[in-house]
Amino acid sequence: MASPNRHASFTLSTPGCGTLRAMAAAASFQRGESDVLRTRELTVAYGEKVAVKDVSLDIHDREVIALIGPSGCGKSTFLRTLNRMNDTVDGVRVTGTVELLGHDIYAKDVDPVLVRRHVGMVFQRPNPLAKSIFDNVAYGLRVAGMRDKKVLAQRVEDALTSAALFAEVKDRLHESALSLSGGQQQRLCVARALACEPSVLLMDEPASALDPISTEKMEELVVGLAKRLCIVIVTHSMNQALRVASRTAFFYLGELVEVGPTKELFESPQQERTTSYVTGRFG
Amino acid sequence: MNSPAVRGVRSFASRPIDRAPGLITTALTGACAFLLILMFGVVLVDVLRHGLSVLSWEFLSQPPREGMTKGGILPAIVGTTLLTLLMTVMTVPAGVLTAIYLCEYSPRDSRLAYVVRLCVKNLAGVPSIVYGLFGVGFFVSALGSGLDGALFGGHTTYGKGCLVWASGTLAILTLPVVVVATEEALLAVPREMRDASLALGATKLQTIVRVVLPRALPGILTGAILAIGRGAGEVAPILFTGAAYYLPELPTHMNDPFMNLGYHVYVLATQSPNMDQTRPLLYGTVLVLLVISFAMDLTAFVVRSRMRAKA
Chain U
3 MASPNRHASF TLSTPGCGTL RAMAAAASFQ RGESDVLRTR ELTVAYGEKV AVKDVSLDIH
63 DREVIALIGP SGCGKSTFLR TLNRMNDTVD GVRVTGTVEL LGHDIYAKDV DPVLVRRHVG
123 MVFQRPNPLA KSIFDNVAYG LRVAGMRDKK VLAQRVEDAL TSAALFAEVK DRLHESALSL
183 SGGQQQRLCV ARALACEPSV LLMDEPASAL DPISTEKMEE LVVGLAKRLC IVIVTHSMNQ
243 ALRVASRTAF FYLGELVEVG PTKELFESPQ QERTTSYVTG RFG
Chain S
-13 MNSPAVRGVR SFASRPIDRA PGLITTALTG ACAFLLILMF GVVLVDVLRH GLSVLSWEFL
47 SQPPREGMTK GGILPAIVGT TLLTLLMTVM TVPAGVLTAI YLCEYSPRDS RLAYVVRLCV
107 KNLAGVPSIV YGLFGVGFFV SALGSGLDGA LFGGHTTYGK GCLVWASGTL AILTLPVVVV
167 ATEEALLAVP REMRDASLAL GATKLQTIVR VVLPRALPGI LTGAILAIGR GAGEVAPILF
227 TGAAYYLPEL PTHMNDPFMN LGYHVYVLAT QSPNMDQTRP LLYGTVLVLL VISFAMDLTA
287 FVVRSRMRAK A
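Line order of the protein sequences matches chains U and S.
So the first sequence is residues 3 to 285, counted in this note's numbering.
So the second sequence is residues -13 to 297, counted in this note's numbering.
Laid out in structure tokens, this is it:
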């Protein structure tokens, strides 16, 4: 079944790229192709320390893939290479390739800013900007150059609805985002990312700072959103991976040890190290 | 017979000898703190007592007359205001941009940033009279005379002490205040907010302009106002760079000399032909200077607390 493609025209190169969906730069991403992200022999080092080693992983369209592993195993670092957020850290070296919709995002002429407009990210702790709820959600659109007030209002409403937050905030869109509860703030961060209509949503332990009820809402949200885009979620909780992810990748000491359908990975892991981790022998 | 598990204590009452160190410390620190209040009070009461009666519309709106024994201080008020305004226009943008470079753009182990920070620290420690000499040497002699030679056919136009050079000298003097305050304000903006902005596809410049600077604004404004307050009261840097002893006309051009409240105080106190007759005017001038300085500090305080409450 050929699904309508959201990634029709697409370019990441710098020259003259003012608009979000810049004009047709012959995208090599074909209709019907299912890998949104593809990493090959991806290695990330901070100075001497190698944080991610030779990771090759394909991430499919409209799936939720969980990255699990003990603290310091490189899963967050790996996540941050997928939208080039690691560029903001001094002394990071990345080798290997990351292809987003068929484009190598570490190619020389690629502007990381444009990459980030196609890849949403939600952080560990809710980090709303000290602006109104509306301005938070409109932020990504505005920095990309959108000025049309009607379109902005519509996109903000749509994004808040998609993030299951609109009903709670529709009467106070112009109040400070900092007045929201932690769980609401985190859903606002999801809405903010969705407003830019990304192809991928990266989530770095999005529920680790939330209470159980907010966590449940966040997980429902993740599952629902997977109908529209693919989600890469880093999590400390194996139960969370079981609840939300169709596939799970296990990282250990910077290496990708094993990846597979979540249930299989937990019930019949192929690797000794995975077995030890999922049965709780270390972690 | 059961003996208690806890050792007995004869009494919990303290003896005078035990209390003495505490009492002495309290008294000593308290006395020093009180001394501070006393000093401030003496200054304030003295200035108010002698100065209030001098304050009048005439005093604020007339130039000095009759060997400064009559009239007012309008030129000094206007001169100080213009001087401070010009200084602010120069020092705040330069200071804020410097701090933005240090905090946002320079790499972490940057040699240049290290040197800049070192310079800022040292600038802050230079005595203000040295700035005055520097102002004459650099602004008046080098820059001003150079301009005259290049643009005015050697006719002395900018090669003398005047408003713009005095403001420039004060701007350099107050630069460290602005840089340090701005840098602290920028550092206090959480990294998470920068990350949020960048992850949404904002450029570094957009992040600074839309997220970091608004967040740092209260701190920057406080720094700016403190710098202005400092600049408004300084005399030494402008002694040789443009302040005039007596000048009834108001300055109208960048290259006009000007009167200044701080300098006027010095003149009235030491250079007057008739001390007894100028003394009341002296008090009045000091009072005006104090009121302006306090108003600045108060503004800084209010701005800071307002913005804190909002954030």
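C-beta atoms are modelled at their ideal positions from N, C-alpha and C, and glycine is treated no differently.
Model, not experiment: these values are computed from the prediction.
In this structure, residue 182/U lies near residue 171/U, with their beta-carbon atoms less than 9 Å apart.
Excluding its 5 nearest sequence neighbours in each direction, residue 161/U has C-beta neighbours in its own chain below 8 Å: 139, 193, 194, 196 and 197, listed in chain order. Think of a sphere of 8 Å around the beta carbon of residue 63/U: no beta carbon from chain S falls inside it, the nearest being about 21 Å out.
Taking C-beta separations shorter than 6 Å and ignoring five residues to either side along the sequence, the partners of residue 276/U in its chain run 252, 259 and 260, following chain order.
Taking 8 Å as the upper bound on Cβ-Cβ separation, chain U lies near residues 176, 178, 179, 180, 181, 182, 183, 184 and 185 of the region 171 to 185 of chain S.
Around the beta carbon of residue 213/S, 16 or more other beta carbons lie within 10 angstroms, which makes this residue buried. Judged by DSSP in its simplified three-state form, residue 100/S adopts helix.
Minimum Cα-Cα distance from residue 74/U among the listed residues 59/U, 87/U, 180/U and 55/U corresponds to 55/U. Taking 9 Å as the cut-off, the beta carbon of residue 260/S is found closer than this to the beta carbon of residue 53/S. At least 9 Å separates the CB of residue 52/U from every CB of chain S. For residue 98/U, the enclosing beta strand (DSSP E) has its first and last residue at 94 to 102. Under the three-state reduction of DSSP output, residue 148/S falls in the coil class, being neither helix nor strand. By the rule that beta-carbons nearer than 9 Å mark a contact, residue 231/U does not touch chain S. Nearest C-alpha to residue 120/S among 137/S, 138/S, 154/S and 92/S: 154/S.
Residues of the region 123 to 138 of chain U that bring their beta carbon within less than 7 Å of a beta carbon in chain S comprise 123, 125, 127, 129, 131 and 132, in sequence order. Residue contact with chain S for residue 44/U: absent (no Cβ-Cβ distance below 9 Å to any residue of chain S). Within the same chain, 146, 147, 148, 149, 228, 229, 230, 233 and 237 come within 8 Å of residue 243/S by CB-CB distance, once the 5 residues on both sides are set aside.
Contact of residue 198/S with chain U by beta-carbon distance below 7 Å is absent, the smallest such distance being about 10 Å.
In summary, residue 2/S is exposed, with fewer than 16 beta-carbon neighbours lying within 10 Å of its beta-carbon over all protein chains present.
The alpha-carbon of residue 94/U is positioned some 49 Å away from that of residue 132/S. Taking all protein chains in view, the Cβ of residue 63/U is crowded by 16 or more other Cβ atoms within 10 Å, so the residue is classified as buried. Under the DSSP assignment, residue 261/U falls in the beta strand (DSSP E) whose first and last residues are 257 to 263. Scanning the region 46 to 134 of chain S from its first residue to its last, no whole beta strand (DSSP E) run of 3-plus residues comes out. For residue 42/U, the enclosing beta strand (DSSP E) begins and ends at 37 to 48.
Taking one beta carbon from each stretch, the region 106 to 116 of chain S and the region 207 to 224 of chain S have 3 or more pairs nearer than 8 Å; the two touch. For residue 60/U, the enclosing beta strand (DSSP E) begins and ends at 51 to 62.
A residue is called buried when at least 16 other Cβ atoms come within 10 angstroms of its Cβ; residue 265/U does not meet this threshold and is exposed.
In this model, residue 8/S and residue 19/S are separated by some 16 Å (Cα to Cα). The bridge partners DSSP lists for residue 69/U are 236/U and 251/U.
Look at residue 282/S here: in three-state DSSP terms it is helix.
Relative to residue 268/U, the option among 69/U, 142/U, 135/U and 110/U whose CA is nearest is 69/U. Note: residue 105/U is bridge-paired with 102/U in the DSSP secondary-structure output. Look at residue 204/U here: in three-state DSSP terms it is strand. DSSP places residue 124/U in no alpha helix (DSSP H) but in the uninterrupted beta strand (DSSP E) bounded by 121 to 124. When C-beta atoms of the region 193 to 208 of chain S are compared with those of the region 117 to 130 of chain U, fewer than three pairs fall below 8 Å, so the two segments do not count as touching.
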